[in-house]
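So the structure is just underneath, and the comments pick up after that.
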Amino acid sequence: MASPRIPEITSWQGVPWPQVEANVHTLQRRIYRAEQQGQRRTVRSLQRLLLRSTSAKLLAVRRVTQDNQGKRTPGIDGVAFLEPQERCLLIQNLNLAQPARPVRRLWIPKPGTQEQRPLGIPTMSDRAAQALVKLALEPQWEARFEPNSYGFRPGRSCQDAIEAIFQEIRYKPKYALDADIAKCFDRIGHQALLDKLDTFPLLRRVIKGWLKAGVLDGRDLFPTQAGTPQGGVRSPLLANIALHGLEEVVAAAFPKTSRITGSKERWTPAVIRYADDFVVLHRDLSVVQKCQEVIADWLKGMNLELKPSKTFITHTLEGYHGKVGFDFLGFTVRQFRVGKHHTAKNGQGKPLGFKTLIKPSKRKVKGHYDRLREMIRTSRTAPQEELIGRLNPVIRGWANYYRSAVSKATFAKLDDRLYGRLRRWARRRHPNKPAGWVAARYWRLPRWDFGNEKAVLVKHARTRIVRHVKVQGVKSPYDGDWLYWASRWGHYPEVSPALSRLLKEQQGRCASCKRYFLPGDDLLERHHQDGDRTNNRRTNIVLVHRHCHDTIHRQQQARSPER
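In C-alpha coordinates form, the structure reads like this:
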(Lines of atoms letter the chains of each structure in order from A and count residues from 1; the text may use other names and numbers.)
(Lines give C-alpha, C1' and ligand atoms only; values in the text may rest on other atoms or scores of the structure.)
Protein backbone atom coordinates (compact mmCIF):
# COMPACT_ATOMS: atom_id res chain seq x y z
CA MET A 1 0.00 0.00 0.00
CA ALA A 2 1.43 3.39 -1.00
CA SER A 3 2.03 6.02 1.64
CA PRO A 4 -0.34 9.04 1.60
CA ARG A 5 1.06 11.83 -0.53
CA ILE A 6 2.09 15.04 1.24
CA PRO A 7 0.66 18.15 -0.47
CA GLU A 8 2.99 20.93 -1.59
CA ILE A 9 4.44 22.70 1.44
CA THR A 10 3.58 26.40 1.50
CA SER A 11 3.57 26.99 5.28
CA TRP A 12 5.58 25.31 8.01
CA GLN A 13 2.66 25.62 10.41
CA GLY A 14 0.45 23.61 8.06
CA VAL A 15 2.68 20.52 7.83
CA PRO A 16 0.74 17.34 8.83
CA TRP A 17 3.50 15.94 11.06
CA PRO A 18 1.74 12.69 12.11
CA GLN A 19 1.32 11.81 8.43
CA VAL A 20 4.92 12.82 7.67
CA GLU A 21 6.34 10.61 10.43
CA ALA A 22 4.08 7.70 9.49
CA ASN A 23 5.28 7.86 5.87
CA VAL A 24 8.97 7.89 6.86
CA HIS A 25 8.63 5.16 9.49
CA THR A 26 6.77 2.94 7.02
CA LEU A 27 9.63 3.14 4.51
CA GLN A 28 12.24 2.64 7.22
CA ARG A 29 10.53 -0.49 8.51
CA ARG A 30 10.44 -1.87 4.96
CA ILE A 31 14.17 -1.17 4.55
CA TYR A 32 14.90 -2.85 7.89
CA ARG A 33 12.93 -5.98 7.03
CA ALA A 34 14.31 -6.22 3.50
CA GLU A 35 17.87 -6.04 4.88
CA GLN A 36 17.06 -8.76 7.41
CA GLN A 37 15.84 -10.98 4.56
CA GLY A 38 18.90 -10.26 2.42
CA GLN A 39 16.93 -8.47 -0.33
CA ARG A 40 19.70 -6.15 -1.43
CA ARG A 41 17.98 -4.71 -4.54
CA THR A 42 14.82 -3.98 -2.54
CA VAL A 43 16.83 -2.17 0.13
CA ARG A 44 18.48 0.12 -2.40
CA SER A 45 15.23 0.77 -4.22
CA LEU A 46 13.50 1.76 -0.98
CA GLN A 47 16.44 3.96 0.02
CA ARG A 48 16.21 5.86 -3.27
CA LEU A 49 12.48 6.27 -2.72
CA LEU A 50 13.07 7.63 0.78
CA LEU A 51 15.72 10.10 -0.38
CA ARG A 52 13.24 11.55 -2.91
CA SER A 53 10.38 11.63 -0.41
CA THR A 54 9.00 15.02 0.64
CA SER A 55 8.15 13.51 4.04
CA ALA A 56 11.77 12.49 4.62
CA LYS A 57 13.01 15.94 3.62
CA LEU A 58 10.54 17.57 6.01
CA LEU A 59 11.61 15.32 8.87
CA ALA A 60 15.32 15.85 8.15
CA VAL A 61 14.96 19.66 8.14
CA ARG A 62 12.88 19.60 11.32
CA ARG A 63 15.46 17.52 13.16
CA VAL A 64 18.39 19.82 12.39
CA THR A 65 16.50 23.13 12.80
CA GLN A 66 14.15 22.37 15.71
CA ASP A 67 14.82 19.07 17.48
CA ASN A 68 18.61 18.95 17.66
CA GLN A 69 20.30 20.44 20.74
CA GLY A 70 23.09 21.95 18.64
CA LYS A 71 20.67 23.59 16.22
CA ARG A 72 21.99 27.12 16.97
CA THR A 73 25.66 26.30 16.30
CA PRO A 74 26.61 27.95 12.97
CA GLY A 75 28.77 26.44 10.23
CA ILE A 76 31.12 28.37 7.96
CA ASP A 77 28.17 30.31 6.49
CA GLY A 78 27.24 31.75 9.90
CA VAL A 79 23.63 30.51 9.70
CA ALA A 80 22.49 29.44 13.17
CA PHE A 81 18.70 29.75 12.95
CA LEU A 82 16.06 29.42 10.27
CA GLU A 83 12.62 31.00 10.28
CA PRO A 84 9.65 28.81 9.23
CA GLN A 85 9.61 30.16 5.69
CA GLU A 86 13.38 29.62 5.38
CA ARG A 87 12.85 25.98 6.39
CA CYS A 88 10.32 25.57 3.57
CA LEU A 89 12.84 27.08 1.16
CA LEU A 90 15.55 24.70 2.42
CA ILE A 91 13.27 21.73 1.69
CA GLN A 92 12.70 22.91 -1.86
CA ASN A 93 16.46 23.35 -2.43
CA LEU A 94 17.55 20.18 -0.61
CA ASN A 95 19.61 18.36 -3.21
CA LEU A 96 22.13 15.60 -2.56
CA ALA A 97 23.96 16.45 -5.77
CA GLN A 98 25.08 19.84 -4.46
CA PRO A 99 28.80 19.98 -3.52
CA ALA A 100 29.63 19.67 0.18
CA ARG A 101 31.05 22.71 1.97
CA PRO A 102 33.94 22.53 4.48
CA VAL A 103 33.07 22.09 8.14
CA ARG A 104 33.85 24.73 10.76
CA ARG A 105 36.43 23.61 13.34
CA LEU A 106 35.38 24.11 16.94
CA TRP A 107 37.52 23.07 19.91
CA ILE A 108 35.92 21.98 23.20
CA PRO A 109 37.77 20.87 26.37
CA LYS A 110 37.89 17.19 27.31
CA PRO A 111 36.58 16.69 30.88
CA GLY A 112 39.36 15.96 33.37
CA THR A 113 42.24 16.59 30.93
CA GLN A 114 44.13 19.45 29.37
CA GLU A 115 43.35 18.16 25.88
CA GLN A 116 40.72 19.58 23.55
CA ARG A 117 38.31 17.64 21.37
CA PRO A 118 37.91 18.86 17.75
CA LEU A 119 34.39 19.26 16.41
CA GLY A 120 33.44 19.81 12.77
CA ILE A 121 30.24 21.83 12.35
CA PRO A 122 28.66 21.55 8.85
CA THR A 123 26.47 24.25 7.34
CA MET A 124 22.72 24.06 7.91
CA SER A 125 22.03 22.80 4.37
CA ASP A 126 24.70 20.08 4.71
CA ARG A 127 23.26 19.07 8.08
CA ALA A 128 19.83 18.66 6.52
CA ALA A 129 21.28 16.55 3.69
CA GLN A 130 23.17 14.39 6.21
CA ALA A 131 20.00 13.90 8.27
CA LEU A 132 18.19 12.83 5.10
CA VAL A 133 20.90 10.28 4.25
CA LYS A 134 20.88 9.01 7.82
CA LEU A 135 17.13 8.34 7.57
CA ALA A 136 17.88 6.00 4.66
CA LEU A 137 21.07 4.35 5.92
CA GLU A 138 20.29 3.81 9.61
CA PRO A 139 17.50 1.21 9.28
CA GLN A 140 19.65 -0.83 6.89
CA TRP A 141 22.56 -0.92 9.32
CA GLU A 142 20.37 -1.43 12.37
CA ALA A 143 19.48 -4.76 10.80
CA ARG A 144 23.21 -5.58 10.51
CA PHE A 145 24.74 -4.21 13.72
CA GLU A 146 25.94 -6.67 16.34
CA PRO A 147 23.81 -7.19 19.48
CA ASN A 148 26.47 -5.92 21.92
CA SER A 149 27.01 -2.57 20.15
CA TYR A 150 25.30 0.17 22.19
CA GLY A 151 26.82 3.56 21.30
CA PHE A 152 25.00 6.17 19.18
CA ARG A 153 22.15 3.84 18.30
CA PRO A 154 18.44 4.56 18.74
CA GLY A 155 16.92 2.82 21.73
CA ARG A 156 20.28 1.90 23.31
CA SER A 157 22.16 3.59 26.13
CA CYS A 158 25.25 3.44 28.33
CA GLN A 159 23.22 1.60 30.96
CA ASP A 160 22.47 -1.18 28.45
CA ALA A 161 26.21 -1.71 27.99
CA ILE A 162 26.81 -1.71 31.76
CA GLU A 163 24.00 -4.21 32.30
CA ALA A 164 25.48 -6.45 29.57
CA ILE A 165 28.82 -6.42 31.46
CA PHE A 166 27.05 -7.29 34.71
CA GLN A 167 25.28 -10.26 33.11
CA GLU A 168 28.63 -11.57 31.80
CA ILE A 169 30.47 -11.50 35.15
CA ARG A 170 27.75 -11.88 37.79
CA TYR A 171 28.36 -15.63 38.26
CA LYS A 172 32.05 -15.91 37.38
CA PRO A 173 35.04 -13.54 37.78
CA LYS A 174 36.78 -12.80 34.49
CA TYR A 175 39.75 -11.07 32.96
CA ALA A 176 38.89 -7.89 31.11
CA LEU A 177 40.54 -6.09 28.22
CA ASP A 178 39.52 -2.47 28.71
CA ALA A 179 40.43 -0.78 25.43
CA ASP A 180 40.13 2.58 23.73
CA ILE A 181 40.75 3.37 20.06
CA ALA A 182 43.14 6.26 19.53
CA LYS A 183 41.44 9.26 17.84
CA CYS A 184 38.87 7.01 16.23
CA PHE A 185 36.76 9.73 14.58
CA ASP A 186 39.84 11.50 13.20
CA ARG A 187 41.67 8.49 11.74
CA ILE A 188 39.06 6.28 10.07
CA GLY A 189 40.30 5.43 6.57
CA HIS A 190 38.01 6.93 3.93
CA GLN A 191 38.49 4.24 1.30
CA ALA A 192 38.01 1.39 3.78
CA LEU A 193 34.84 3.04 5.11
CA LEU A 194 33.37 3.60 1.64
CA ASP A 195 34.12 -0.01 0.68
CA LYS A 196 32.42 -1.21 3.84
CA LEU A 197 29.33 0.89 3.14
CA ASP A 198 28.83 -1.02 -0.13
CA THR A 199 26.01 1.27 -1.22
CA PHE A 200 24.74 2.54 -4.58
CA PRO A 201 26.77 5.16 -6.52
CA LEU A 202 24.75 8.26 -5.54
CA LEU A 203 25.11 7.68 -1.79
CA ARG A 204 28.76 6.73 -2.17
CA ARG A 205 29.53 9.99 -4.01
CA VAL A 206 27.59 12.06 -1.48
CA ILE A 207 29.29 10.52 1.55
CA LYS A 208 32.70 10.71 -0.09
CA GLY A 209 32.10 14.42 -0.76
CA TRP A 210 31.34 15.04 2.92
CA LEU A 211 34.41 13.09 4.02
CA LYS A 212 36.69 15.02 1.64
CA ALA A 213 35.10 18.48 2.12
CA GLY A 214 37.91 19.82 4.34
CA VAL A 215 38.02 21.71 7.65
CA LEU A 216 38.07 25.49 8.13
CA ASP A 217 39.97 26.33 11.34
CA GLY A 218 39.88 30.11 11.74
CA ARG A 219 40.92 31.34 8.30
CA ASP A 220 42.93 28.25 7.37
CA LEU A 221 41.44 25.50 5.21
CA PHE A 222 42.82 22.01 5.80
CA PRO A 223 42.10 18.99 3.60
CA THR A 224 40.67 15.87 5.25
CA GLN A 225 42.63 12.77 4.27
CA ALA A 226 41.07 10.58 6.97
CA GLY A 227 38.39 10.58 9.63
CA THR A 228 34.79 11.72 9.93
CA PRO A 229 34.75 14.91 12.08
CA GLN A 230 32.63 14.81 15.23
CA GLY A 231 29.78 17.29 15.19
CA GLY A 232 28.06 16.22 11.99
CA VAL A 233 24.78 14.30 11.85
CA ARG A 234 26.35 11.41 9.94
CA SER A 235 29.55 10.99 12.03
CA PRO A 236 28.25 8.64 14.79
CA LEU A 237 26.58 6.34 12.25
CA LEU A 238 29.68 6.20 10.02
CA ALA A 239 31.90 5.46 13.05
CA ASN A 240 29.61 2.58 14.05
CA ILE A 241 29.73 1.24 10.50
CA ALA A 242 33.54 1.43 10.52
CA LEU A 243 33.73 -0.59 13.77
CA HIS A 244 31.02 -3.07 12.80
CA GLY A 245 32.42 -6.60 12.77
CA LEU A 246 34.60 -6.30 15.88
CA GLU A 247 32.45 -8.75 17.81
CA GLU A 248 32.34 -11.13 14.86
CA VAL A 249 36.11 -11.18 14.30
CA VAL A 250 36.72 -12.00 17.99
CA ALA A 251 34.13 -14.78 17.93
CA ALA A 252 35.67 -16.24 14.75
CA ALA A 253 39.10 -16.45 16.39
CA PHE A 254 37.93 -18.84 19.12
CA PRO A 255 35.93 -22.07 19.20
CA LYS A 256 32.47 -22.10 20.77
CA THR A 257 33.53 -24.61 23.46
CA SER A 258 36.73 -25.17 25.38
CA ARG A 259 39.27 -27.52 23.77
CA ILE A 260 41.52 -27.19 26.79
CA THR A 261 39.14 -28.53 29.44
CA GLY A 262 36.89 -30.48 27.10
CA SER A 263 33.84 -28.88 28.72
CA LYS A 264 30.79 -27.50 26.96
CA GLU A 265 31.28 -24.10 28.56
CA ARG A 266 31.08 -21.23 26.07
CA TRP A 267 34.65 -20.33 25.18
CA THR A 268 33.91 -17.36 22.94
CA PRO A 269 34.91 -14.06 24.63
CA ALA A 270 32.22 -11.47 25.25
CA VAL A 271 32.70 -8.11 23.50
CA ILE A 272 30.69 -5.10 24.73
CA ARG A 273 31.22 -1.95 22.68
CA TYR A 274 30.01 1.60 23.13
CA ALA A 275 31.18 3.70 20.15
CA ASP A 276 35.02 3.57 20.23
CA ASP A 277 35.25 2.20 23.80
CA PHE A 278 34.93 -1.54 24.32
CA VAL A 279 35.53 -4.33 26.84
CA VAL A 280 36.45 -7.95 26.15
CA LEU A 281 35.64 -10.42 28.96
CA HIS A 282 36.81 -14.01 29.43
CA ARG A 283 37.90 -16.20 32.34
CA ASP A 284 41.17 -17.23 30.66
CA LEU A 285 44.04 -14.72 30.57
CA SER A 286 45.61 -16.13 27.41
CA VAL A 287 42.33 -15.74 25.53
CA VAL A 288 42.08 -12.05 26.49
CA GLN A 289 45.70 -11.46 25.47
CA LYS A 290 45.05 -13.15 22.14
CA CYS A 291 41.93 -10.97 21.68
CA GLN A 292 44.08 -7.86 22.01
CA GLU A 293 46.32 -9.05 19.18
CA VAL A 294 43.36 -10.04 16.97
CA ILE A 295 41.61 -6.70 17.48
CA ALA A 296 44.79 -4.67 16.89
CA ASP A 297 45.34 -6.47 13.54
CA TRP A 298 41.69 -6.01 12.53
CA LEU A 299 41.73 -2.28 13.31
CA LYS A 300 44.65 -1.73 10.93
CA GLY A 301 42.29 -2.39 8.06
CA MET A 302 40.36 0.78 9.04
CA ASN A 303 43.57 2.78 9.63
CA LEU A 304 42.97 2.62 13.41
CA GLU A 305 44.95 1.45 16.44
CA LEU A 306 44.49 0.92 20.16
CA LYS A 307 45.56 3.72 22.50
CA PRO A 308 48.30 2.24 24.75
CA SER A 309 47.70 4.63 27.65
CA LYS A 310 44.01 3.63 27.86
CA THR A 311 44.27 -0.07 26.98
CA PHE A 312 45.06 -2.58 29.70
CA ILE A 313 44.16 -6.04 31.01
CA THR A 314 42.73 -6.42 34.47
CA HIS A 315 40.68 -8.87 36.53
CA THR A 316 37.27 -8.21 38.04
CA LEU A 317 38.07 -9.92 41.38
CA GLU A 318 41.79 -10.65 41.76
CA GLY A 319 44.62 -8.18 41.29
CA TYR A 320 46.48 -8.25 37.97
CA HIS A 321 49.50 -6.00 37.54
CA GLY A 322 48.27 -3.89 40.43
CA LYS A 323 44.77 -3.37 39.01
CA VAL A 324 41.43 -4.78 40.13
CA GLY A 325 38.29 -3.99 38.14
CA PHE A 326 37.98 -1.31 35.49
CA ASP A 327 36.18 1.93 34.65
CA PHE A 328 33.77 2.01 31.73
CA LEU A 329 31.40 4.82 30.67
CA GLY A 330 31.81 6.57 34.02
CA PHE A 331 31.15 3.43 36.11
CA THR A 332 33.60 1.35 38.14
CA VAL A 333 33.07 -2.40 37.63
CA ARG A 334 34.57 -4.58 40.35
CA GLN A 335 33.95 -7.70 42.43
CA PHE A 336 34.64 -8.22 46.15
CA ARG A 337 35.22 -11.25 48.35
CA VAL A 338 32.43 -11.75 50.88
CA GLY A 339 31.73 -14.15 53.75
CA LYS A 340 29.13 -16.88 53.98
CA HIS A 341 26.54 -14.58 55.58
CA HIS A 342 26.77 -11.80 52.97
CA THR A 343 27.35 -13.62 49.71
CA ALA A 344 25.66 -13.66 46.35
CA LYS A 345 24.30 -16.92 44.93
CA ASN A 346 24.33 -18.43 41.48
CA GLY A 347 21.36 -19.71 39.50
CA GLN A 348 21.32 -22.98 41.51
CA GLY A 349 21.32 -21.17 44.87
CA LYS A 350 24.96 -22.01 45.71
CA PRO A 351 27.15 -19.31 47.33
CA LEU A 352 29.59 -17.61 44.96
CA GLY A 353 32.01 -16.19 47.53
CA PHE A 354 32.06 -12.78 45.84
CA LYS A 355 29.76 -9.93 44.98
CA THR A 356 29.67 -7.74 41.87
CA LEU A 357 29.32 -4.02 42.57
CA ILE A 358 29.08 -1.38 39.85
CA LYS A 359 29.44 2.16 41.21
CA PRO A 360 30.05 5.69 39.89
CA SER A 361 33.77 6.07 39.17
CA LYS A 362 35.84 8.23 41.53
CA ARG A 363 36.92 10.47 38.65
CA LYS A 364 33.32 11.18 37.66
CA VAL A 365 32.30 11.82 41.27
CA LYS A 366 35.14 14.28 41.70
CA GLY A 367 34.33 16.01 38.40
CA HIS A 368 30.68 16.37 39.37
CA TYR A 369 31.50 17.78 42.80
CA ASP A 370 34.05 20.20 41.33
CA ARG A 371 31.42 21.46 38.91
CA LEU A 372 28.89 22.06 41.71
CA ARG A 373 31.54 23.77 43.82
CA GLU A 374 32.47 26.11 40.96
CA MET A 375 28.82 26.97 40.36
CA ILE A 376 28.43 27.89 44.03
CA ARG A 377 31.63 29.93 43.99
CA THR A 378 30.53 31.97 40.98
CA SER A 379 27.09 32.58 42.55
CA ARG A 380 28.25 34.24 45.76
CA THR A 381 26.05 37.29 45.25
CA ALA A 382 23.19 35.57 43.41
CA PRO A 383 19.77 35.14 45.06
CA GLN A 384 19.11 31.75 46.60
CA GLU A 385 16.46 30.86 43.99
CA GLU A 386 18.91 31.59 41.16
CA LEU A 387 21.58 29.36 42.71
CA ILE A 388 19.08 26.55 43.16
CA GLY A 389 17.90 26.99 39.58
CA ARG A 390 21.48 26.46 38.37
CA LEU A 391 22.27 23.49 40.61
CA ASN A 392 19.06 21.44 40.30
CA PRO A 393 19.34 20.42 36.60
CA VAL A 394 22.96 19.34 37.10
CA ILE A 395 22.15 17.30 40.21
CA ARG A 396 19.07 15.68 38.64
CA GLY A 397 20.86 14.75 35.43
CA TRP A 398 23.89 13.25 37.17
CA ALA A 399 21.86 11.34 39.75
CA ASN A 400 19.48 9.96 37.09
CA TYR A 401 22.44 8.71 35.04
CA TYR A 402 23.83 6.73 38.00
CA ARG A 403 20.58 5.66 39.63
CA SER A 404 20.80 2.17 38.09
CA ALA A 405 24.14 1.47 39.86
CA VAL A 406 25.15 0.93 43.49
CA SER A 407 25.09 4.67 44.15
CA LYS A 408 23.27 5.27 47.44
CA ALA A 409 26.44 5.78 49.53
CA THR A 410 27.97 7.99 46.83
CA PHE A 411 24.81 10.12 46.68
CA ALA A 412 24.80 10.57 50.47
CA LYS A 413 28.48 11.57 50.51
CA LEU A 414 27.94 14.13 47.77
CA ASP A 415 25.03 15.65 49.70
CA ASP A 416 27.19 15.94 52.83
CA ARG A 417 29.99 17.70 50.96
CA LEU A 418 27.52 19.93 49.15
CA TYR A 419 25.95 20.94 52.48
CA GLY A 420 29.35 22.16 53.68
CA ARG A 421 29.76 24.31 50.56
CA LEU A 422 26.27 25.77 50.88
CA ARG A 423 26.83 26.53 54.57
CA ARG A 424 29.97 28.50 53.71
CA TRP A 425 28.04 30.26 50.95
CA ALA A 426 25.32 31.29 53.42
CA ARG A 427 27.69 32.29 56.26
CA ARG A 428 29.70 34.46 53.89
CA ARG A 429 26.58 36.50 53.13
CA HIS A 430 25.83 37.11 56.82
CA PRO A 431 29.13 37.11 58.74
CA ASN A 432 27.64 38.87 61.79
CA LYS A 433 24.60 36.61 62.23
CA PRO A 434 24.54 33.50 64.44
CA ALA A 435 24.58 30.08 62.83
CA GLY A 436 21.01 29.33 63.92
CA TRP A 437 19.67 32.46 62.23
CA VAL A 438 21.51 31.60 58.98
CA ALA A 439 20.17 28.04 59.06
CA ALA A 440 16.59 29.22 59.56
CA ARG A 441 17.05 31.79 56.77
CA TYR A 442 18.34 29.42 54.06
CA TRP A 443 17.20 25.93 55.12
CA ARG A 444 13.74 24.50 55.57
CA LEU A 445 13.87 22.86 58.98
CA PRO A 446 13.66 20.21 60.33
CA ARG A 447 14.39 18.35 57.05
CA TRP A 448 17.36 20.59 56.30
CA ASP A 449 16.30 21.27 52.73
CA PHE A 450 18.23 24.15 51.20
CA GLY A 451 15.56 26.48 49.84
CA ASN A 452 12.55 28.65 50.55
CA GLU A 453 8.92 28.95 49.46
CA LYS A 454 9.92 29.54 45.83
CA ALA A 455 12.56 26.85 45.24
CA VAL A 456 14.13 23.86 47.00
CA LEU A 457 17.44 22.17 46.16
CA VAL A 458 17.08 18.53 45.18
CA LYS A 459 19.26 15.99 46.97
CA HIS A 460 21.22 13.21 45.33
CA ALA A 461 20.20 10.72 48.02
CA ARG A 462 16.50 11.19 47.32
CA THR A 463 16.95 9.74 43.85
CA ARG A 464 15.46 6.27 43.98
CA ILE A 465 17.74 3.43 42.85
CA VAL A 466 16.11 1.60 39.93
CA ARG A 467 17.82 -1.34 38.26
CA HIS A 468 18.01 -1.00 34.51
CA VAL A 469 16.45 -3.59 32.20
CA LYS A 470 18.71 -4.18 29.22
CA VAL A 471 17.29 -3.88 25.73
CA GLN A 472 16.26 -7.24 24.31
CA GLY A 473 18.85 -8.85 22.03
CA VAL A 474 18.84 -7.27 18.58
CA LYS A 475 15.63 -5.29 19.07
CA SER A 476 15.45 -2.09 17.04
CA PRO A 477 13.00 0.83 16.82
CA TYR A 478 12.66 -0.07 13.13
CA ASP A 479 11.13 -3.47 13.86
CA GLY A 480 7.67 -1.89 14.16
CA ASP A 481 7.12 -2.84 17.82
CA TRP A 482 6.21 0.71 18.84
CA LEU A 483 4.46 -0.36 22.04
CA TYR A 484 7.66 -2.01 23.31
CA TRP A 485 9.79 1.07 22.60
CA ALA A 486 7.24 3.55 23.93
CA SER A 487 6.98 1.59 27.19
CA ARG A 488 10.79 1.54 27.55
CA TRP A 489 10.87 5.34 27.61
CA GLY A 490 9.42 5.24 31.12
CA HIS A 491 12.26 3.02 32.34
CA TYR A 492 15.24 4.86 30.88
CA PRO A 493 17.76 5.75 33.64
CA GLU A 494 18.04 9.37 32.47
CA VAL A 495 14.27 9.89 32.40
CA SER A 496 13.21 11.58 35.64
CA PRO A 497 10.41 10.09 37.79
CA ALA A 498 8.15 13.01 36.83
CA LEU A 499 8.63 12.35 33.09
CA SER A 500 8.26 8.61 33.67
CA ARG A 501 4.90 9.20 35.38
CA LEU A 502 3.69 11.39 32.51
CA LEU A 503 4.79 8.78 29.95
CA LYS A 504 2.78 6.10 31.73
CA GLU A 505 -0.28 8.32 32.08
CA GLN A 506 -0.15 9.23 28.38
CA GLN A 507 0.57 5.59 27.40
CA GLY A 508 3.78 6.60 25.64
CA ARG A 509 2.09 9.10 23.28
CA CYS A 510 2.56 12.83 22.68
CA ALA A 511 -0.33 14.87 24.12
CA SER A 512 -0.37 17.07 21.01
CA CYS A 513 0.16 14.89 17.91
CA LYS A 514 -0.84 11.57 19.61
CA ARG A 515 2.17 9.81 18.05
CA TYR A 516 4.24 7.35 20.10
CA PHE A 517 7.45 8.68 21.63
CA LEU A 518 10.26 6.71 19.99
CA PRO A 519 13.96 6.42 20.99
CA GLY A 520 14.96 8.39 17.89
CA ASP A 521 12.99 11.41 19.11
CA ASP A 522 15.12 14.13 20.66
CA LEU A 523 14.28 15.84 23.93
CA LEU A 524 10.74 15.59 25.24
CA GLU A 525 9.31 18.68 26.91
CA ARG A 526 6.68 19.44 29.53
CA HIS A 527 3.85 21.75 28.45
CA HIS A 528 1.79 23.84 30.90
CA GLN A 529 -1.72 23.68 29.47
CA ASP A 530 -2.94 26.93 31.07
CA GLY A 531 0.19 28.83 29.98
CA ASP A 532 1.25 29.50 33.59
CA ARG A 533 4.72 28.01 34.06
CA THR A 534 4.48 28.41 37.84
CA ASN A 535 1.44 26.12 37.97
CA ASN A 536 3.10 22.71 38.32
CA ARG A 537 0.02 20.74 39.29
CA ARG A 538 -0.08 17.26 37.82
CA THR A 539 -3.31 17.98 35.97
CA ASN A 540 -1.77 21.03 34.27
CA ILE A 541 1.33 19.38 32.77
CA VAL A 542 1.50 17.13 29.72
CA LEU A 543 4.42 15.68 27.79
CA VAL A 544 4.96 16.67 24.14
CA HIS A 545 7.63 16.52 21.44
CA ARG A 546 9.92 19.52 21.28
CA HIS A 547 8.67 20.48 17.81
CA CYS A 548 5.06 20.08 18.98
CA HIS A 549 5.84 22.37 21.90
CA ASP A 550 7.20 25.00 19.50
CA THR A 551 4.06 24.74 17.36
CA ILE A 552 1.73 25.09 20.36
CA HIS A 553 3.41 28.28 21.57
CA ARG A 554 3.59 29.72 18.06
CA GLN A 555 -0.16 29.20 17.66
CA GLN A 556 -0.80 30.80 21.04
CA GLN A 557 1.28 33.81 20.05
CA ALA A 558 -0.62 34.12 16.76
CA ARG A 559 -3.95 34.17 18.64
CA SER A 560 -2.86 36.58 21.38
CA PRO A 561 -3.44 39.88 19.39
CA GLU A 562 -7.07 38.88 18.83
CA ARG A 563 -7.79 38.60 22.52
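The numbering used here applies: residue 351 is where the sequence shown begins, and numbers increase by one. Each residue gets a CB set at the ideal place from its N, CA and C atoms; glycine is no exception.
Please go through the same chain and pick out, in chain order, the residues whose beta-carbon is closer than 8 Å to the beta-carbon of residue i, but skip the five residues on each side of it.
i, result
"R928", "The question about residue 928 has no answer here: the residues shown for the chain are numbered 351 through 913."
"W748", "H718 and H810"
"I902", "S862, H877 and V894"
"C438", "I359, T360, S361 and W362"
"L469", "R455, L456, W457, I458, P579, Q580 and G581"
"K558", "H540 and L544"
Output needed for residue i: all residues of its chain with C-beta closer than 6 Å, excluding positions within five of it in sequence on either side, in chain order.
i, result
"T611", "Reliability fails at T611, whose pLDDT of 49 lies under 50, so the model's placement of it is uncertain and no value is given."
"E735", "K804 and A805"
Quick one, are the C-beta atoms of residue i and residue j less than 9 Å apart?
i, j, result
"A384", "L396", "yes"
"S475", "N498", "no"
"R584", "Q490", "no"
"A532", "Y624", "no"
"P619", "F604", "yes"
"A601", "V453", "no"
"L482", "A406", "yes"
"Q857", "V892", "no"
"V629", "F704", "no"
"Q905", "N890", "no"
"L772", "F800", "yes"
"K522", "R633", "yes"
"L401", "L446", "yes"
"E465", "L631", "no"
"L764", "V821", "no"
"L702", "Y670", "no"
"I738", "L722", "no"
"G577", "D536", "yes"
"D477", "G425", "Note that residue 477 corresponds to Arg in the displayed sequence, not to Asp. Their beta carbons are under 9 Å apart, which means R477 touches G425 by this criterion."
Taking the straight line between their C-alpha atoms, what separation do you get for residue i and residue j?
i, j, result
"L849", "P827", "20 Å"
"L874", "R896", "6 Å"
"R713", "A732", "29 Å"
"Q907", "M652", "52 Å"
"K650", "A589", "15 Å"
"F761", "R506", "25 Å"
"R648", "A430", "First, the residue type needs correcting, since residue 648 is Trp and not Arg in the sequence shown. Rounded to the nearest angstrom, the two C-alpha atoms are 40 Å apart."
"R774", "L440", "53 Å"
"R380", "L485", "12 Å"
"L741", "G388", "51 Å"
"A805", "N885", "13 Å"
"R791", "R838", "43 Å"
"L656", "A646", "6 Å"
"C508", "Y500", "7 Å"
"L566", "R812", "47 Å"
"I471", "D427", "11 Å"
"R865", "E371", "9 Å"
"V819", "S757", "17 Å"
"G770", "G823", "46 Å"
"G672", "Q685", "15 Å"
"W367", "A785", "58 Å"
"C534", "G568", "24 Å"
Given residue i, which residues of its chain have a CB within under 7 Å of its CB, disregarding the five upstream and five downstream residues?
i, result
"C898", "C860, S862 and C863"
"V683", "I515, T666, G675, F676 and I708"
"P449", "G559"
"R494", "E385 and H594"
"I622", "N498, A511, A514, I515, F628 and V629"
"V644", "V599, V600 and A603"
Nearest chain B C-beta to residue i closer than 9 Å, yes or no?
i, result
"R730", "In the structure shown, chain B does not exist; there is a single protein chain."
Segments of 4+ residues assigned as alpha helix (DSSP H) that fall wholly inside the segment 412-468: 434-443
Report yes or no: do the segment 658-672 and the segment 527-534 share at least 3 C-beta pairs separated by less than 8 Å? yes
So, do the segment 530-548 and the segment 708-727 have three or more beta carbon pairs nearer to each other than 8 Å? no
Mind pulling the alpha helix (DSSP H) runs of 4 or more residues that sit fully within the segment 706-734? 712-727
Are three or more beta carbon pairs between the segment 636-644 and the segment 542-554 nearer than 8 Å? no
Three-pair Cβ contact test at 8 Å for the segment 568-578 versus the segment 415-422: no
If we require 4 or more residues per run, which alpha helix (DSSP H) segments fall completely within the segment 618-682? 635-650
Whole runs of the alpha helix (DSSP H) within the segment 375-408, excluding any shorter than 4 residues: 390-402
Taking the runs of the alpha helix (DSSP H) that are 4 residues or longer, which of them lie wholly in the segment 523-558? 534-537 and 540-547
Ranges of the alpha helix (DSSP H) found wholly within the segment 788-865, counting only runs of at least 4: 832-839 and 847-855
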